[in-house]
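> In the working numbering, the protein residues as written are 3 to 121.
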């Protein structure tokens, strides 16, 4: 079984989202995964939704306060993408790698697909 999880560098509560937005405006918070999937649109970017529809990858998106301790340990610095492969959690992408896609949702999902194939 393969499970892919993208982890936001933000908490999932309303207060957490508000704190992140304030931090983003002031330059104190950053989350490449947030930028890729929804940016300032709370419903998600159309480009992200379209890329997900066209992809064979099923990625679960969670906030840092929704992780298990094992997922948190494997992820390390956030944002990150981790995967459960053959019963073991592994880090697939760091925040820097995620940010390198600069809004290219299709390219991001294709890279995850490639990394899973090679794992």
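For every residue, glycine included, the Cβ atom is placed at its ideal position computed from N, Cα and C. Computed from a predicted structure; not experimentally measured.
For residue 59, tell me which candidate among 43, 51 and 99 has the shortest Cα-Cα distance.
To locate residue 59, count along the chain shown from 1; it is residue 57. It is 51 whose Cα lies nearest to the Cα of residue 59.
> Give me whichever residues DSSP pairs with residue 85 in a beta bridge.
Working through the chain shown from its first residue, we reach residue 85 at position 83. Answer by DSSP bridge pairing, in chain order: 6 and 92.
> I believe residue 92 touches residue 121 by the beta-carbon criterion, under 8 Å. Please report the beta-carbon distance rounded to the nearest angstrom.
Sequence index remark: in the chain shown, residue 92 carries index 90 (1-based). Sequence index remark: in the chain shown, residue 121 carries index 119 (1-based). Confirmed, about 6 Å.
> Quick check on residue 106 - is its C-beta less than 8 Å from some C-beta in chain C?
The structure shown has no chain C; it contains just one protein chain.
> To the nearest angstrom, how far is it from the Cα of residue 41 to the Cα of residue 49?
By one-based count along the chain shown, residue 41 stands at place 39. By one-based count along the chain shown, residue 49 stands at place 47. Cα-Cα distance, rounded: 11 Å.
> By DSSP, does residue 59 sit in helix, in strand, or in coil?
Here residue 59 refers to the residue found at position 57 when the chain shown is read from its first residue. In this structure, residue 59 counts as coil in the three-state DSSP scheme.
> Let me make sure I understand the geometry here. Which of 105, 82, 107 and 17 has the alpha-carbon closest to that of residue 97?
Position 95 of the chain shown, counted from the start, is the residue given in the question as residue 97. When each option's Cα is compared against that of residue 97, the closest is 82.
> Assuming residue 45 is part of the alpha helix (DSSP H), what are its boundary residues?
Position 43 of the chain shown, counted from the first residue, corresponds to residue 45. Note, residue 45: premise wrong, no alpha helix (DSSP H); not H, not E.
> According to DSSP, what are the bridge partners of residue 64?
Locating residue 64 in the chain shown gives position 62, where the first residue counts as 1. According to DSSP, residue 64 bridges with 9.
> Over the uninterrupted alpha helix (DSSP H) stretch that includes residue 80, give me the two end residues.
Taking the chain shown and counting its residues from 1, the one referred to as residue 80 is at position 78. Here residue 80 belongs to no alpha helix (DSSP H), and DSSP marks it neither H nor E.
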